[in-house]
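Only one structure is covered here, and it is reproduced in the block below.
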Amino acid sequence: MSTITSLAYTNCSPQFFSFSTDYGYVCNIPIIQSQMDVIEFNNKFCEKKQNCNFMTGNDFISKIILYPFDGTLQCLLLQKNNLSQIVITTLDNQLVDEFKLLNYCDKILWNPNEIGNEKIACKQLNAIHIYDVEAGAVTQNFITNDILDFQWDNKNQNFIYSCDNFGMISIQDLRLLKDNKFGEKIRKCVKSQIELLDDYIFVTTNMGDCSIYDIRNQKRIINFELRSHYAPKDCLPIFSKHINCPIFKVKSIIDGYIYVYLYGTDFMIKKFSKTLECFDNEDKLIQTRHVYSINDFDFHSILPLLTSVSNRIDLSNLC
Numbered sequence: 167m168s169t170i171t172s173l174a175y176t177n178c179s180p181q182f183f184s185f186s187t188d189y190g191y192v193c194n195i196p197i198i199q200s201q202m203d204v205i206e207f208n209n210k211f212c213e214k215k216q217n218c219n220f221m222t223g224n225d226f227i228s229k230i231i232l233y234p235f236d237g238t239l240q241c242l243l244l245q246k247n248n249l250s251q252i253v254i255t256t257l258d259n260q261l262v263d264e265f266k267l268l269n270y271c272d273k274i275l276w277n278p279n280e281i282g283n284e285k286i287a288c289k290q291l292n293a294i295h296i297y298d299v300e301a302g303a304v305t306q307n308f309i310t311n312d313i314l315d316f317q318w319d320n321k322n323q324n325f326i327y328s329c330d331n332f333g334m335i336s337i338q339d340l341r342l343l344k345d346n347k348f349g350e351k352i353r354k355c356v357k358s359q360i361e362l363l364d365d366y367i368f369v370t371t372n373m374g375d376c377s378i379y380d381i382r383n384q385k386r387i388i389n390f391e392l393r394s395h396y397a398p399k400d401c402l403p404i405f406s407k408h409i410n411c412p413i414f415k416v417k418s419i420i421d422g423y424i425y426v427y428l429y430g431t432d433f434m435i436k437k438f439s440k441t442l443e444c445f446d447n448e449d450k451l452i453q454t455r456h457v458y459s460i461n462d463f464d465f466h467s468i469l470p471l472l473t474s475v476s477n478r479i480d481l482s483n484l485c
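Just so we're aligned, residue 167 is where the sequence shown starts under our numbering, counting upward by one.
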C-alpha cells in the first residue's frame with residue numbers, strides 16, 4: 167500500500183499545495199477544500215506515479231519545504247538508506263541545485279526572513295549546516311549538544327533557536343561562535359519540537375511535556391502535559407524511519423492561539439487567549455478517518471481546517 171510521506175503549503179501560493187509519496191511523486195496541485203475533494207484526491211492517489219526525474223528507485227522524499235518569497239522554488243529532503251540529500255527544484259520539478267550529506271538529516275528549513283531567505287538550515291546529528299542556495303555551498307555550521315529540533319527566528323535572519331533532550335533552549339547567533347542557553351529542565355526525551363510564533367516559543371516533547379516561553383525575557387509563562395503523551399499505546403508504528411511527523415502545530419487566530427497535537431491517528435486541540443490563558447480545561451478531540459499512523463499534518467492554507475496524510479489524505483474541521 168502506498169503512503170503520503172509529507173505535505174507542504176506555501177503562503178506565496180495559498181491555492182496550491184505539494185505532497186510526496188513513497189514513490190517520490192511530488193507536484194503542485196489545487197488545494198483540497200471539501201470532503202468531496204478528499205474523496206476525489208484519494209481515488210486518484212491509488213494510481214502509482216513518479217514525476218521526479220532527479221530521483222532513483224531507492225530515494226525517499228521525507229519532507230517538502232516550499233518557501234522563497236517569490237514562491238518559485240521548493241526544497242526536498244531526500245533519504246537513501248543512511249544518507250541524505252537536499253534538492254532544490256522549481257515547482258515543475260526542474261532541478262536547480264543539490265547538496266549531499268554523508269549522514270542522515272532529519273530536518274531542513276528555509277530562512278523565513280526576507281533578508282537571508284537564500285539560506286537553508288539542515289540538522290544532521292548534533293550539527294546544523296547553513297546552505298546558501300545562491301552560493302551553492304555550505305557557508306556555516308555549528309555544533310549544539312543533544313539537539314533534537316530547531317527553528318529560524320522569524321524576525322532576525324541571524325538567529326536559530328534549538329531545543330535539547332531536556333527541553334532546554336539554545337539561541338545561536340550566526341555572526342558569533344557562541345550560543346546562549348535558557349529554559350527549565352523537564353523529563354529527558356528522545357524527541358522534541360520547537361516552534362516560534364509572535365513573541366512566544368513553544369516546546370513539546372514525546373513525553374507529553376509542553377512549555378511556552380516569552381522570547382523577550384526568556385521566561386517560562388506556562389507549562390502543561392498533553393493528554394496521554396500525544397501517542398496512545400495502541401498507536402501503530404510509523405511507516406518508515408525516514409518519516410519525521412510533527413508532535414504539534416500552533417497557529418495564531420483572531421482571539422488567541424490554536425494548538426493541535428497528535429493523538430494516535432486523531433488530534434487534540436487546545437485553545438489559548440492572547441495572554442496564553444487556556445479557554446477550556448478539557449482538550450477537544452478531532453477524529454480522523456486514518457487507519458495507519460499519521461505521517462504529516464498542517465493547518466490548511468485558507469480554511470479553518472487541518473490537513474493530515476497517511477496512506478490517504480483527510481481534512482478535519484477545527485471549529
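Backbone N, C-alpha and C define an ideal beta-carbon position, used for all residues, glycine too.
- Listed in chain order, the non-local C-beta contacts of ASP225 below 7 Å within the same chain comprise GLY190, LEU244, LYS246, local neighbours out to five positions each way being set aside.
- For PHE316, the closest alpha carbon among the candidates ASN259, LEU291, SER482 is that of LEU291.
- Distance from the Cα of ILE367 is smallest, within the candidate group ILE388, GLY374, THR255, for ILE388.
- With contacts defined by Cβ atoms closer than 7 Å, LEU267 and SER250 form a contacting pair.
- Boundaries of the beta strand (DSSP E) harbouring ASP263: 261-267, taken from the DSSP string.
- Shown here, ARG393 sits in a helix according to DSSP, grouped into three states.
- In this structure, DSSP gives MET434 an extended state, which the three-state scheme calls strand.
- Counting of Cβ neighbours within 10 angstroms places GLU350 among the exposed residues, the total staying below 16.
- Taking ASP263 as the centre and dropping the five residues before and after it, the same chain places the C-beta of ILE254, VAL299, GLY302 closer than 7 Å to its C-beta, in chain order.
- For VAL475, DSSP records a beta bridge to ASP462, ILE479.
- Non-local C-beta neighbours of ASN447 in its own chain, meaning closer than 6 Å and more than five positions away in sequence, are absent.
- Cβ-Cβ distances below 6 Å link SER336 to THR310, SER328, ASP345, LYS347 in the same chain, with the five nearest sequence neighbours on each side left out; the list follows chain order.
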